[in-house]
Amino acid sequence: MKKNTPNLSIHAPRLYLIDAHAYLHKSHNAISGLTTQSGVQTGALYGFARMLLGILKNEKPDYLCVCFDAPGSTFRHKEFKEYKSQRPELEEGLRSQLSVARQLVEALGLRALEKTGYEADDIMATLARKATRDPKGDLEVVLVTPDKDVLQLVGPKVRVLRELQGECFDFSKVQEKYHVTPEQWVDFLALVGDAVDNLKGAEGVGPVRAAELLNRFGSLEGLLAAVRRGEKSVPPKIAVSVEQFSKRLLLNRRLITLEERVPMVLEPRECEIVPPRRDQILPLFKRLEFFSLLKEVLPEEAHVPALQSISPGEMKSLLEKSPAFALASSSEGLALGLPGGKSIWIEWAQSSDWALLLEDEKKLKLGHDLKSLLLALRAKGISLKGPFADTMIAAYCLNPSRTRYGLGELFLERLGQPITLGLDKNSLLFQVQSLWSLWESLEKEIQSVGVHELFRDLEVPLIPVLAEMEWEGVGVDEKLLRSLSVEFEQRIQESKKELDILAGMEINLNSPKQLSSLLFEKLKLPVIRKTKTGYSTDEEVLKTLAALNPIPAKIIEYRELAKLKSTYIENLLTGRDARTGRVHTSFNQAGTATGRLSSVRPNLQNIPIRSPLGQKIRSVFIPRPGMILLSADYSQIDLRVLAHITRDDTLKRAFESCEDFHLQTACEVFRLKPEEVTSEVRRRAKAINFGVVYGQTPHGLAGELGIPYSEAQQYIQKYFEKYAGVAEWIRENLEQARKNGFVKTLLGRIRYLPELQSSNAALRAFGERMAVNTPVQGGSADIIKKAMINIYQRLQGSGIRG
């Protein structure tokens, strides 16, 4: 039996009829922020495509037709001018996607149908009627729609699937949920009304009352007749309402009833599913940037090269003559692809005479994620030296906002070619051959877009630096870590006991629901902010409540202890390599839109230092015997970058004179003398300084400082009065970002900001914050990466071990 379709026969062929516009609208509302790199909205189409592919995969229909609402009015509008009149005009972002939806359906190999003057529901009703009268008598129908109207069509061979909710309605399910039969459904909606279609029901008649009346009198006509007869079984108020609105109810009935005789020539068994049309789906999905979906739609057709036996002498000769090679490795061996189209497979067990050629600094080495390859080769005792070209890093330089830079996705995107990503030698040989075509495509674009210097001078030289850092790792004191684990666990348990005593009950501190009940119901503390699931108990809320009761402060303490233990202590223990006794994190060079590095397994960034507890964790990092740990950083680099790019004279003077910048801001904004600035005032000035860098709003600053919105707004206004150059730069930068669709960092990293054109105010505001934040944080990242490269090269050149 197939998923979500109870009570359908196992062997009967099935026709699935899909309400296109209903799912396009829902997808647009759910993921309206999804856009292409150039800012074209695609959320409705992406969600719609995912739904269609899900139906094909999970339901395995025999026949399928996607039904569309035709543009313009329908016969219902002619009968009732107010039909659906309350609906807002379509947003342009959604309208443009609706025009592509039918093209998408047909490219997937599916039938699409619309009829002028009718809605998709009417087409579905007509096809469903035809199917139930199919001459062979074995065709069953599944209507895929969230629309309630179609429940009137449910019958022995017709079901309704609400795909997003995973609900399937047959006769018994309709009765169980709504307490009426499908035959009574039109009358039920006529009585209660349908706000979606702007149809008002009888006043005072809700779903429960409507079901009672229909079960008693059978139908709307039966109810009206009973009212006219003056039957006492109809409550007086209901009788008056039904009588008063009888014309409306009968009109509702006509409008809700689906037309089952739409004139059309398509027959149910003509809705065959054919394979996706490669010549249509590939350019369409590339234009929409649905690269992850392409892998689901198009089968792999990669042709792996035939292996040829090459003697060691021939191999060495080929490698010596070649000016470059592409590389990929596995546990079995190494694949080398030469620019001319030849590829070579070398098993690790073979003689390593060829390995010296990998150190030839005149030969280009091309790969995808070269950092991983450098580490894999080093584990085999093989050194790989530049010059390098990395297709993953090239793709990252072209668009740092992407979430994935997989080789398979890039091949589909740029070459329209599925690729087998196996680790067997044939697959790897094909990959290294194909890498040259991918590199050619990427190299042309990084030249034309203007990020070639960023790629060549910053990101590529950083690859061996990060590989070296990962290989060396960092020492940790295992004994101290285990001791801290025990200590933190004891403190967590003590904190829990103290909280239980204060609360007067045992409470699950990891349950937001129980915390919410304790704080706002039992303790009667004021609600600061609501969420979709209840009252917020996040850190910002707890800090505000801590002034009123000791329990919120203890919850903050408990959470800090638990987070430090799980995030740092336990992860460091599990992440410690038993062989080396060191932690070897993995640095993600292509993980952030600003260019900043991130690290995983374990995360060695953001380890706290300011609190005594954080300092204890920092103390577990130890140098090798006879060596020291050297910490090098830039002071207030984000703010210095801000001063540089805004050319604000006041900001520049503050740094040039080596003043305490936060103190300077406190004096400027709060009109105080230096000796009058308290630590609290300086803290507020610091929050304002960094708030501007991060594009923080008055609301965000108010939450951070625990002050009213108006006060935070006043602080920001004063800041911009004193640092007028910053205010002017933000204005000009936003203007240029809206015009160009992107912002740049100091060394030319481009971040595209399609959110700036969004009709969604929250997304647009996010884009504006990123337009301010990216040049600053991204500029800092550029500088720090450059410093890492310089330090690495100095150490390499001097012979100092570090």
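In terms of this note's numbering, the sequence shown has 648 at position 661, counting the first letter as 1, and numbering is strictly consecutive.
Yeah, the Cβ is synthetic: ideal placement off N, Cα and C, and Gly gets one too.
For Arg37, the enclosing alpha helix (DSSP H) covers residues Gly30 to Asn45. Beta-carbon to beta-carbon, Ala7 and Cys54 are separated by about 6 Å, close enough to satisfy the 8 Å threshold. Rounded to the nearest angstrom, the gap between the Cα atoms of Glu283 and Gln267 is 15 Å.
The three-state secondary structure of Ser330, taken from DSSP, is strand.
By the criterion of at least three beta-carbon pairs nearer than 8 Å, the segment 512 to 521 is not in contact with the segment 550 to 557. Taken in chain order, the unbroken stretches of alpha helix (DSSP H) that lie wholly in the segment 410 to 468 and span 4 residues or more are 412 to 436 and 447 to 459. Asp620: not part of any alpha helix (DSSP H); DSSP gives it neither H nor E.
Taking each of Arg443, Glu334 and Ala112 in turn and checking the Cα distance to Met251, the smallest one comes out for Ala112. In the DSSP assignment, Asp377 falls within the unbroken beta strand (DSSP E) covering Phe375 to Asp377. Judged by DSSP in its simplified three-state form, Asp487 adopts helix. Across the set Val195, Pro255 and Asp174, the C-alpha of Asp174 shows the shortest separation from the C-alpha of Asn239. One alpha carbon belongs to Leu429, the other to Val436, and they sit about 10 Å apart. In this structure, the CA atom of Leu138 is about 9 Å from the CA atom of Thr168. As the crow flies, the alpha-carbon of Ala619 is around 16 Å from that of Val452.
Between Ala580 and Ile380, the CB-CB gap reaches or exceeds 8 Å.
Taking each of Leu560, Glu493, Asp356 and Pro741 in turn and checking the Cα distance to Ser470, the smallest one comes out for Leu560. The alpha helix (DSSP H) runs of length 4 or more contained entirely in the segment 589 to 644 are, from start to end of the chain, 599 to 605, 624 to 633 and 636 to 643.
In the DSSP assignment, Ala533 falls outside any alpha helix (DSSP H) and carries neither an H nor an E. Secondary structure note for Glu127: its beta strand (DSSP E) is the uninterrupted segment Glu127 to Val131. For the options Trp426, Met456, Ala533 and Met492, the alpha carbon positioned closest to that of Phe312 is the one of Trp426. Pairing Ala454 with Gly786, the inter-Cα distance amounts to about 18 Å. Beta-bridge annotation (DSSP): Ala322 is paired with Ala315 and Trp332.
Excluding five sequence positions before and after Glu691, the CB atoms of its chain that fall closer than 8 Å to its own CB belong to Glu527, Ala674, Gly678 and Gln683, given in chain order. C-alpha of Glu547 to C-alpha of Gln592: approximately 17 Å in a straight line. Between Val128 and Leu4, the gap from beta carbon to beta carbon is short of 8 Å. Remark: three or more beta-carbon pairs, one from each stretch, lie closer than 8 Å, so the segment 329 to 336 and the segment 409 to 419 are flagged as touching.
Taken through DSSP and simplified to helix, strand or coil, Phe272 comes out as helix. Excluding the 5 residues flanking it on each side, Pro589 has same chain C-beta neighbours closer than 7 Å at Asn558, Leu559, Gly562, Val570 and Thr572, in chain order. Look at Gly682 here: in three-state DSSP terms it is coil, with no helix or strand label.
Ranking Asp109, Arg788, Pro326 and Arg781 by CA distance to the CA of Gly613 puts Arg788 first.
Per DSSP, the unbroken alpha helix (DSSP H) holding Ile717 starts and ends at Ala711 to Asn727. Following the DSSP letters along the chain, one finds Ser220 in no beta strand (DSSP E), marked with neither H nor E. The criterion of a C-beta distance shorter than 8 Å is satisfied by Ala672 and Ala653.
Contact annotation: Tyr50 and Pro255 have beta-carbon atoms nearer than 8 Å. Taking every protein chain shown into account, the CB of Met492 has fewer than 16 other CB atoms within 10 angstroms, so this residue is exposed. For Phe232, the three-state secondary structure derived from DSSP is coil.
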